[in-house]
Structures are given as structure tokens and as C-alpha cells.
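In what follows, a structure is listed as C-alpha cells, so that the remarks can point back to it.
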Amino acid sequence: MCVCELCGARGRRYRAEDTVATRCRDHAEGAPAFSAAMENVHLIQVTVKGRLRVVVGARYDFDTDAFVEIDDVADLRREA
């Protein structure tokens, strides 16, 4: 969950033309920049034998101000 750049309310990232901005529903312009399945997902990657691999996926929980690990990031990406 992100916060609106204009008022500080809970929001999400929106894409309008060539700009991505974090906005609440009241200030939103354009379309959501990410699918709902990938909203607030943080991917940590490491290089393994010369290849880039996702090793941990976590979703930010606004209420607890913490990242909560996602069990299967591969399934989540297929849903997106």
C-alpha cells in the first residue's frame, strides 16, 4: 500500500501518459500501473550461477508497517 503524493491517504501507483504517480482514488489520473496480483509486492533477487533468480517475494502490510513473505511468487506472477 502506498500513500497519495498529494494528500497522504492510502493509494496506489497510477500511469498517466509517460508518468507514474502514487495517488488515492480521489486524486487518481490514468490507469493502475500494476495488476492487482502484483500490487505492493517486493521481490528480492540474487545471482545464481550467472542467472538472475527471484528468491523471496513479500507483500507490504500497511497496518503493521512490515513485509509479509509470499509463499509462491511464481504462482502470483502467472495470475498477473
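First residue of the sequence shown: 119, per this note's numbering; consecutive thereafter.
The C-beta atom is built at its ideal place from N, Cα and C for all residues, glycine as well.
Cβ-Cβ separation between arginine 128 and glycine 148: approximately 18 Å, too far for a contact (criterion under 8 Å). In this structure, Glu157 is the residue among Thr140, Glu157, Phe152 and Arg131 with its C-alpha nearest to the C-alpha of isoleucine 188. Annotation note: the segment 153-177 contains the following uninterrupted beta strand (DSSP E) runs of length 3 or greater, listed N- to C-terminal: 159-166.
In this chain, the beta strand (DSSP E) harbouring glutamate 187 covers 184-188. In the structure shown, glycine 126 falls within a coil segment according to DSSP collapsed to helix, strand and coil.
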